[in-house]
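Right, one structure below, let's go through it.
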Amino acid sequence: MSNYFRYLPDFEYVSRFDDKSSSDFVLSKNIFRKVRLREDVAGNTFFFDKYIVKGDSRPDNVAEELYDDPALDWIILTCNNIINVRDEWPMSQRMFNSYLEQKYGSMTNAEKVKHYKTTQIVDGIGRVVLPAGKIVDKDFTFTYYDSGRETETIATNITTEVTFKDFEEQENDAKREINVIRPIHVQTFIDDLKSTMEYKRGGTQYMSPTLKRGSNINNNIL
Numbered sequence: 034m035s036n037y038f039r040y041l042p043d044f045e046y047v048s049r050f051d052d053k054s055s056s057d058f059v060l061s062k063n064i065f066r067k068v069r070l071r072e073d074v075a076g077n078t079f080f081f082d083k084y085i086v087k088g089d090s091r092p093d094n095v096a097e098e099l100y101d102d103p104a105l106d107w108i109i110l111t112c113n114n115i116i117n118v119r120d121e122w123p124m125s126q127r128m129f130n131s132y133l134e135q136k137y138g139s140m141t142n143a144e145k146v147k148h149y150k151t152t153q154i155v156d157g158i159g160r161v162v163l164p165a166g167k168i169v170d171k172d173f174t175f176t177y178y179d180s181g182r183e184t185e186t187i188a189t190n191i192t193t194e195v196t197f198k199d200f201e202e203q204e205n206d207a208k209r210e211i212n213v214i215r216p217i218h219v220q221t222f223i224d225d226l227k228s229t230m231e232y233k234r235g236g237t238q239y240m241s242p243t244l245k246r247g248s249n250i251n252n253n254i255l
């Protein structure tokens, strides 16, 4: 992620350190200037591939695999609008187990049934009459007319249990499918980022495309 910060423009602010003059400025990176994908890029599938995050892989692992540079992990995060990695990136197994124990008190509690869901039912002509995954009661039954057999059928034993752990795993795995920019477009993406990050000319704070200077309020004190 450190590679990202070199693209941020600079900002000078008045020093508040006791050992410096009130007219001294301190140079820092403008962390409030965040990069966003251009709308025409974000909506264009030509630039992206779908990717499934495997196992305990972190953003830097994915960047190293795709771009041979783990420091480009910020591109992985930017392409998926991820700000909070802890909450928006799939947890490692160790973190996942810790999360379950903290949320449910113990792994035993996490293994308890949260709800039941349907299994898929197909009639005699291959038509789906009941999709899988519908949340129902444990003893749910389903009555339907089977067009293939021309009979009314009552389906029983058509539910499966979903534990709290199962549910949390599904939520965690849903984060594994991400968008990744194709390697051939990475340099174009970086060049576009540099242009986006530059300050526009104008205003009293403008010093250069990569530098702004804050007002020295001490000079205004009589």
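Here my numbering is used: the first residue of the sequence shown is 34, the next is one more, and so on.
Heads up, the beta-carbon is just placed ideally off N, CA and C, and yes, glycines get one too.
Which same chain residues, not among the five before or five after residue 110, have their C-beta less than 6 Å away from its C-beta?
These residues qualify, in order along the chain: 92.
Counting C-beta neighbours from all protein chains within 10 Å, is the total for residue 143 16 or more, i.e. buried, or is it exposed?
So residue 143 counts as buried.
Where does residue 222 land, buried or exposed, given buried means 16+ other C-beta within 10 angstroms?
Classification of residue 222: buried, given that the 10 Å Cβ count is 16 or more.
So with Cβ pairs under 7 Å, would you call residue 121 a contact of chain C?
In summary, chain C is missing from the structure at hand, where a single protein chain is found.
Within the continuous alpha helix (DSSP H) that includes residue 214, where are the two ends?
Run containing residue 214: none in the alpha helix (DSSP H); it sits in the beta strand (DSSP E), 210-214.
Expressed to the nearest angstrom, what Euclidean distance is found between the alpha-carbon atoms of residue 90 and residue 131?
Rounded to the nearest angstrom, the two C-alpha atoms are 17 Å apart.
For the alpha helix (DSSP H) containing residue 200, list its first residue and its last residue.
Counting along the chain, the alpha helix (DSSP H) containing residue 200 begins and ends at 197-206.
Considering residue 81, what are the terminal residues of the alpha helix (DSSP H) in which it resides?
Unbroken run through residue 81 is the beta strand (DSSP E), 81-85; no alpha helix (DSSP H).
Do you know offhand how far residue 226's Cα is from residue 219's?
Approximately 10 Å, taken between the alpha carbons.
Going by Cα to Cα distance, which pick from 158, 124, 189 and 179 is closest to residue 170?
The shortest Cα separation from residue 170 among 158, 124, 189 and 179 belongs to 189.
Rounded to a whole number of angstroms, what is the C-alpha to C-alpha distance between residue 254 and residue 233?
Low per-residue confidence applies at residue 254: pLDDT is 43, beneath 50, and the placement is therefore not dependable, though the value from the model is reported in the following sentence. If I take the Cα positions, the gap works out to 29 Å.
Ordered along the chain, which non-local residues of its own chain (more than five positions away) have a Cβ less than 7 Å from that of residue 80?
74, 214, 215 and 218, listed in sequence order.
Curious, which full-length beta strand (DSSP E) runs of at least 3 residues does the stretch 84-130 contain?
Listed in chain order, nothing qualifies, since the stretch 84-130 has no complete beta strand (DSSP E) run of 3 or more residues.
Could you have a look at residue 184 and say whether DSSP puts it in helix, strand or coil?
Three-state DSSP puts residue 184 in a strand.
Since residue 151 contacts residue 173 with CB under 8 Å, what's their CB separation in whole angstroms?
Sure, about 7 Å apart at Cβ, within 8 Å.
Determine the DSSP secondary structure at residue 168, reduced to helix, strand or coil.
Looking at residue 168 - three-state DSSP - the assignment turns out to be strand.
Which whole-angstrom value describes the C-beta separation of residue 208 and residue 122, a residue pair presumed to lie in contact below a C-beta threshold of 8 Å?
That pair is a contact at about 6 Å.
Rounded to whole angstroms, what's the CA-CA distance from residue 191 to residue 163? Just pull it up for me.
Their backbone Cα atoms lie some 10 Å apart in a straight line.
Roughly how many angstroms lie between the CA atoms of residue 95 and residue 140, to the nearest whole one?
Rounded to whole angstroms, residue 95 to residue 140 spans 30 Å at the Cα level.
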